[in-house]
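S.K.:
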Amino acid sequence: MNASRDRVARQGAQLHPDQSRPASTTGPASTTVRAVRLGWSLALWLCLFAFGASAAPAPEAIAEPVGDALDIDRAEASADRHACLRCHAMSTLAYRDPDDGEIVDLSIDREGLAHSVHGELACIDCHRRSYRRYPHPNRPAPGDLDCIGCHEDDDHDLSRGWIDIDAEFKRSVHAVSDAPEALGFSCHSCHDPHRFRPAVVGEPIARIVRNHNEVCLSCHMQLVGPSSTSHDWLPNRDAHWTSVRCVDCHTPVAVFAHHEILPAEDSEQNCVSCHSADPQLLARLYQFRSEEDIARRGLLAKAVFNEAYVVGMSKSPALDRLSLVIMGLMVLLLAAHGLGRYLARRANRRA
Amino acid sequence: MTSLYLYPAWLRLWHWINALLFLALIASGVSMHYAGADWLMPFATARVVHNTAGILLTIAWIGFVVTNARSENARHYRVRFRTLIGDLIAQTRYYMIGIFRLEPHPFHVTEAMKFNTLQQLSYLGVMYGLMPILLISGWAFLYSVYLPETLFGLGSVWVVAMTHVVVSYLLALFLLVHMYIITTGETVFSNLRAMITGWHRETDPPRPETPASAPRETP
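For the protein sequence lines, the chains are A and B, in the order given. The numbering of the first sequence is our numbering, which starts it at 6 and goes up by one. The numbering of the second sequence is our numbering, which starts it at 65 and goes up by one.
#1: Determine the direct distance from the alpha carbon of B/GLY249 to that of B/LYS178, and round the result to whole angstroms.
#2: Can you pull the chain B neighbours of A/ARG346, defined as C-beta to C-beta under 8 Å?
#3: B/SER208 and B/VAL224 - do their beta-carbons sit closer together than 8 Å?
#4: Is it true that the CB of A/CYS195 sits closer than 8 Å to the CB of A/VAL220?
#5: Run through DSSP, which three-state label would A/HIS225 get?
#6: Can you tell me the Cβ-Cβ gap for B/ILE197 and B/VAL231, rounded? I've got them flagged as a contact below 8 Å.
#7: Taking CB distances under 8 Å as the criterion, tell me whether A/PRO22 reaches chain B.
#8: What's the call for B/TYR71, buried or exposed, on a 16-neighbour Cβ count within 10 Å?
#9: Name the chain A residues that come within less than 9 Å of B/SER208, Cβ to Cβ?
#10: Let me confirm a value: A/ILE299 is counted as buried when at least 16 other C-beta atoms fall within 10 Å, else exposed. Which label applies?
#11: Within the 8 Å Cβ cut-off, does A/ALA308 reach chain B?
#12: Counting only beta-carbon atoms, is A/ASN353 nearer than 8 Å to chain B?
#13: I'd like to know whether the C-beta atoms of A/ALA99 and A/SER112 end up nearer to each other than 8 Å.
#14: With DSSP as the reference, identify every bridge partner of A/ILE108, one or two as the case may be.
#15: Is there a C-beta anywhere in chain B that falls below 8 Å from the one on A/ILE266?
#16: Please confirm if the stretch 87-102 of chain B is in contact with the stretch 112-128 of chain B, defined as three or more CB-CB distances below 8 Å between the two stretches.
#17: Please tell me whether B/MET195 and B/TRP125 are closer than 8 Å, where the distance is taken between their beta carbons.
#18: At 4 residues or longer, what runs of the alpha helix (DSSP H) sit wholly inside the stretch 217-275 of chain A?
#19: Is it the case that the Cβ atoms of B/LEU240 and A/MET332 are separated by a distance below 8 Å?
#20: Using 8 Å as the limit for Cβ to Cβ distance, is B/GLY219 near chain A?
#21: What residues in its chain sit with their C-beta under 7 Å from that of A/HIS93, if we drop five residues either side in the sequence?
#22: So, A/ARG138 versus A/ILE129, is the Cβ gap smaller than 8 Å?
#23: So, using beta-carbon positions, are A/HIS120 and A/ARG202 closer together than 8 Å?
#24: Are the Cβ atoms of A/GLN258 and A/GLU273 separated by less than 8 Å?
#25: With respect to the alpha helix (DSSP H) encompassing B/SER92, which residues constitute its N-terminal and C-terminal limits?
#26: Measuring alpha carbon to alpha carbon, tell me which of B/ALA108, B/LEU182 and B/ALA154 ends up nearest B/ARG142.
#27: Does the distance from the CB of A/GLU265 to the CB of A/GLU186 come in under 8 Å?
#28: With a threshold of 16 other CB atoms inside 10 Å of the CB of A/ASN275, please say whether the residue is buried or exposed.
#29: For A/PHE54, is the classification buried or exposed, using 16 other Cβ atoms within 10 angstroms of its Cβ as the cut-off for buried?
#30: For B/GLU266, which option in B/LEU211, B/THR174, B/ASN137 and B/MET243 has the closest C-alpha, if you only look at C-alpha atoms?
#31: Identify each residue in the stretch 106-120 of chain B for which the Cβ-Cβ distance to at least one residue of chain A is less than 7 Å, and report them in chain order.
#32: State the DSSP-derived secondary structure class of B/GLY219, mapped to helix, strand or coil.
#33: Around the C-beta of A/TYR291, are 16 or more other C-beta atoms found within 10 angstroms, so that it is buried, or is it exposed?
#34: Does any C-beta atom of chain B lie closer than 8 Å to the C-beta of A/VAL336?
#35: Taking Cβ-Cβ distances below 9 Å as the criterion, which residues of the stretch 87-100 of chain B are in contact with chain A?
#36: Let's test the definition: count the other Cβ atoms within 10 Å of the Cβ of A/ASN311 and tell me whether it reaches 16, buried, or not, exposed.
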């Protein structure tokens, strides 16, 4: 199937359902473990041959009642997924890459796929060409598995176009780094297309932050380990980690470019970028929360209950100080004026 | 004692509703702006109070503009440009000097004109200048997602937020001065009483400027 997917050393465990991509594990396995895995791999290859010969759509899948063209498309896509998942839903489906000896995970989590943004597509919508037949080729054909290839025309669904995202990604540290871990980095390295589901306006922010950060932590888990000294400079480090997305600081603050991941040394360390009188990030958060509010409550109820307020949004220390000084002086002036009037009247009465 | 019926019921009702809404908006606005202090309104309460009072203030403002335009009250807002400079100087001189010498007020309230020039300019500025800016910026704050990303080259949310805050401070300043100025009537409470009963009372007989402005007796 998708041989360009991240290669992971399987340890026989299921992936956590919330993980956006499988956590990579490294390190030499013992000879016994390797032998067991090899045995499993051979057994699975045999299974593949057996299933491949009868990879026709399941009768119940194609027997779905359909009313119009859309239903027919959905039924066909469902039948296609069903056929592929007969093998790929097996959690142990994998093979050993003959070049480097690494186990290549070929399993797809059925539930994860169903809930993903691609959950209603037919597998061959992305895995085109020779993936229609079995056995599949070892490598994807050029142009297969290309996000932009499919998505470049549907940028109306996004606040920015896919072309912008592509350009941002090409400037990202993941794309320009010479580090061996960054070799072959692609959209799929972070966004597992079989699980990926973008944040939806209306979801609790805490969940959005957690889901976003899990994508980063699937590779960078060591940064948040108990003995990690990473981000030590950050006051209330743990509070930041649960309330702020990694990309909020690790992408350029001045522009909205969440796919241009910056190297650590160029990332935002200036507290006043968020906690300041010119709070670009607070404004961005306010706009997001406003959209969320409207989606959840509706236009009219939002006017009363608006939960989008971000404390500090409308604060300018200089303006506040100036205004309070003017108000204070005005109070003094009016008090003095009133006192003057009182004294003038009293003097008049005495006279 | 002569009396002028200057404040009809709808105007007094509107005035006192406005006053209550202003107080609610200031209390809740300050509570949100300086959130965190113990003596302030709880944030969640302040949010709903501020939004509700803002909606009611919008309705009250539209009601005022429409009713004022359709009633005789509009005449009090017509600026007399011919005598504007002289009136302004006389009024300012009175508040700065004459009031301490117990001089008579340079402006005499009539049915044709109940506001002196300073009052006229400040009420015009507040009702047709600051208030619409305050209300529009408040609504723009609520529905900022429909604004362009930038206004005048600056982030639109920031522009809206700063406009709202600046106008709020200016209106709070107006309220402060307004509350003091009403004590400068014949007695400290005579202007306040007039806005409650509708009748402006004067011990000294006013000098009639036109036959139409002649005062009538209190019923």
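Beta carbons: idealized from backbone N, C-alpha and C, even for Gly.
M.R.: In brief:
#1: 13 Å
#2: ILE163, PHE164 and THR248
#3: yes
#4: yes
#5: helix
#6: 5 Å
#7: Only weak support exists for where A/PRO22 lies, its pLDDT of 32 falling under 50; the value from the coordinates is given anyway. For A/PRO22, the answer is no, since every Cβ of chain B falls outside 8 Å of its Cβ.
#8: buried
#9: ALA288, TYR291, GLN292, SER295 and ALA313
#10: buried
#11: yes
#12: yes
#13: yes
#14: A/ARG101
#15: no
#16: yes
#17: yes
#18: 242-248 and 251-254
#19: yes
#20: yes
#21: MET6, LEU111, SER112 and ILE113
#22: no
#23: yes
#24: Checking the sequence shown, residue 258 of chain A turns out to be Val, not Gln. Contact flag set, yes.
#25: 73-97
#26: B/LEU182
#27: no
#28: exposed
#29: Because the pLDDT of A/PHE54 is 44, which lies under 50, any placement of that residue in the model is unreliable, and the question is left without a value.
#30: B/THR174
#31: ARG111, VAL112, ASN115, THR116 and ILE119
#32: strand
#33: buried
#34: yes
#35: MET96, HIS97, TYR98, ALA99 and GLY100
#36: buried
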